Amino acid sequence: LEGDPCDGLHLIVSGLGRIYRLSPAGREQVLALLHRGDSCNEVPVIDGGNNPANLVAVEDTTTWSWSQQSIEALQREIPQLREQITRSLAVRCRELVDQVYRLSFLSVTHRLVVFLLQQSQTGDSLDRGRWTQEDIASHVGTVREMVSRSLRNLENDGLIELTRSVITIRDRKGLASLL
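Numbering-wise, our numbering puts 64 at position 64 of the sequence shown, and it's gapless, one number per residue.
Here it is in structure tokens:
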């Protein structure tokens, strides 16, 4: 949990994790989704500070965890580990810089388009049971009502189709052209 003492570095072995922060009013901002092979909590493992964010399992998830002391010992034994942690931090830093850019300079609709395109890379649909409008709002930095309005606008433009259970991308090139 955010603010708790660091309990180590975590690696997602299977499943899906979500890293997020909460505003004082309880609004959630998703910082990252972690898939198999992704790690988190590198910052407090290196700087000795508290956890900077929350981690929650989105589905049945298995993680491996190493304490800060274990990581320090492993880095002495395996110098390449330090390089891998540094690369992981660099990737996460780039992702956060991109997120700051999107939140600062893109409209809600544009952020929603980025989200839809990213989440549908392996197909043309998103399961609305897995991605509620509240979940999507947490990812794109807005409220559910704005997501609902933007989804309807994209549907009216013929770019997506909304059903009770699925968001289907009808015109991927048209969506991408909005960016």
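For every residue, glycine included, the Cβ atom is placed at its ideal position computed from N, Cα and C.
The structure displayed is predicted, hence computed values, not measured ones.
When the Cα atoms are used, Ser-88 and Ile-169 turn out to be separated by approximately 31 Å.
Look at the beta carbons and you see the stretch 75-94 not touching the stretch 120-127: under three pairs across the two are nearer than 8 Å. In the three-state DSSP reduction, Asn-153 falls in the helix class (H, G or I).
Across the set Arg-149, Pro-79, Arg-92 and Glu-134, the C-alpha of Arg-149 shows the shortest separation from the C-alpha of His-110. His-139 is classed as buried because its beta carbon has at least 16 other beta carbons within 10 Å across all chains shown. Counting along the chain, Arg-130 sits inside no beta strand (DSSP E), nor does DSSP assign it H or E at all. Pairing Arg-27 with Thr-142, the inter-Cα distance amounts to about 9 Å.
Between Leu-1 and Ile-19, the gap from beta carbon to beta carbon reaches 8 Å or more. When the alpha-carbon of Thr-122 is set against those of Arg-94, Leu-159, Arg-172 and Leu-81, the nearest one is in Arg-172. According to the DSSP assignment, Val-91 belongs to the alpha helix (DSSP H) that extends over 79-105.
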